[in-house]
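Take a look at the structure below.
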Ligand SMILES: C[S@@+](CC[C@H](N)C(=O)[O-])C[C@H]1O[C@@H](n2cnc3c(N)ncnc32)[C@H](O)[C@@H]1O
C-alpha cells in the first residue's frame with residue numbers, strides 16, 4: 002500500500018520545537034499524522050487541525066493504534082486559520098509549540114479522484130475541504146479569461162499565463178473541461194517542454210491555490226499562533242513554493258522587529274515591539290531529498306516567542 006504521506010524534515014522540526022514530555026503542541030496541518038505522531042511518540046500532547054476529513058479519518062486511525070497515546074490528542078476538522086476559535090473551544094490558553102507543514106499531502110496528489118494531479122486522470126476538483134463549493138472545475142469553466150490569466154500568472158508565476166487562459170476559454174467553448182488530463186493537455190499545448198518539470202505544474206499549482214484560498218490569511222494565522230505560544234516556545238513553518246515562503250518570511254520578520262515604520266520616517270511612530278526572535282531557515286538534507294524527492298522544495302523557518 003502506498004504511504005499516505007512521508008513527513009518532511011521530521012527530525013529538524015522535532016529538534017527545533019524541542020518536543021518534550023507533557024508539553025502541548027498545535028499541528029495545523031495534520032495530513033497523514035507524520036509530525037503529529039512523532040510529537041506523541043516523544044511524550045508531547047497535541048491539538049491538530051486539517052481541513053480535509055480524509056486526513057482526519059486516516060490520522061485518527063493511525064494514532065489510535067498506539068494505546069498509550071490515547072487521551073493525549075484532539076483532532077479537529079477545521080482550517081488552521083481558525084486557530085484562535087479552535088483552541089478556545091478546546092479550552093487551550095497556551096501552547097508549547099506549533100507546526101504548519103503547508104500545501105497538500107502526497108495522498109491528495111496521488112489519489113486521482115481528488116483531482117489535483119497533472120500526471121494522473123480524474124475529475125477536476127482540488128478541494129482540500131470537500132464540503133466547500135468552489136472546485137477547480139468551477140474555476141476552469143466559469144472564470145473569465147482575464148481572471149484565469151491573472152491567477153495562473155500570480156499563483157503559478159507562469160509566463161505563458163495569457164496563452165494558457167486563452168486556450169482554456171477556446172477549449173471550453175467546444176465542451177466543458179471536466180478532467181485533469183484534458184486540462185493538462187490544454188496547458189501542455191501552450192508551454193514549451195522545459196527543464197522545470199511537467200509543463201502543467203505551475204498552472205495546476207495556481208488553480209489549487211485559488212481553489213483553497215491558500216495564501217490569504219496565512220500571515221494572520223501565523224500571528225494568531227504566535228499570540229498563544231508560551232514564552233520560550235517555538236513555531237516551525239514548512240513551505241513548498243516561493244509565494245508561500247515569502248509570506249512566512251515577511252510575517253516572521255515583522256513579528257521579530259521592534260519597529261515597522263516606513264524607513265523614510267525620522268523617528269519611530271509605530272510602537273511595534275518584537276514578539277519573537279528568528280531561530281533559522283533550514284533546507285532538507287541531500288539524503289532526505291534522495292529518499293523523498295517531494296521534500297526538495299521545502300523550506301523550514303523557525304521562530305521563538307520572546
Ligand atoms: C503537507 S500535508 C501535511 C503532512 C503532515 N505534516 C504529515 O506529516 O503527514 C498538508 C496538509 O495540510 C492540510 N491543510 C493545508 N492547508 C490547510 C489549512 N489552511 N487548514 C487546515 N489544513 C490545511 C492539507 O489538507 C494536508 O492534509
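In the working numbering, the protein residues as written are 2 to 307. Here a beta-carbon is modelled for each residue, glycine too, at the ideal position from N, C-alpha and C. The model shown is predicted, which means the values in this text are computed figures rather than measured ones.
For residue i, three-class secondary structure by DSSP
i: residue 81; result: helix
i: residue 154; result: helix
i: residue 51; result: strand
i: residue 11; result: helix
i: residue 301; result: strand
i: residue 65; result: helix
i: residue 74; result: strand
i: residue 57; result: helix
Segment limits, alpha helix (DSSP H) that includes residue i
i: residue 26; result: Not the alpha helix (DSSP H): residue 26 falls in the beta strand (DSSP E), residues 25-28.
i: residue 222; result: 219-229
i: residue 35; result: 35-42
i: residue 210; result: 202-213
i: residue 187; result: 181-189
Endpoints, beta strand (DSSP E) assigned at residue i
i: residue 173; result: It is not in any beta strand (DSSP E) - residue 173 instead sits in the alpha helix (DSSP H) that spans 162-175.
- Item | Length at least 3, wholly inside the segment 243-297: the beta strand (DSSP E) runs in chain order | Secondary structure remark: continuous beta strand (DSSP E) runs of at least 3 residues inside the segment 243-297, in chain order: 277-283.
- Message: In chain order, what are the residue ranges of uninterrupted beta strand (DSSP E) at least 3 long that sit wholly in the segment 76-154?
- Response: The beta strand (DSSP E) runs of length 3 or more contained entirely in the segment 76-154 are, from start to end of the chain, 96-102.
- Message: When you compare the segment 65-73 with the segment 194-201, are there three or more beta-carbon pairs, one atom per stretch, that lie closer than 8 Å?
- Response: no
- Message: For the structure I just gave you, are there three or more beta carbon pairs, one from the segment 2-12 and one from the segment 26-38, closer than 8 Å?
- Response: Contact between the segment 2-12 and the segment 26-38 is present, because at least three Cβ pairs lie under 8 Å.
- Stretch-stretch touch, CB-based, cutoff 8 Å, three pairs: the segment 103-116 with the segment 139-146: no
- Answer yes if the segment 87-105 comes into contact with the segment 223-235, meaning at least three C-beta pairs across the two stretches below 8 Å, and no otherwise. Flag = yes, the segment 223-235 and the segment 87-105 touch.
- Query: So does the segment 262-269 actually touch the segment 45-60, counting three or more Cβ pairs closer than 8 Å?
  - Reply: no
- Query: Does the segment 177-196 come close enough to the segment 209-224 to have 3 or more Cβ pairs within less than 8 Å?
  - Reply: By the criterion of at least three beta-carbon pairs nearer than 8 Å, the segment 177-196 is not in contact with the segment 209-224.
- Message: With three or more C-beta pairs closer than 8 Å as the rule, is the segment 242-258 touching the segment 124-140?
- Response: These segments do not touch.
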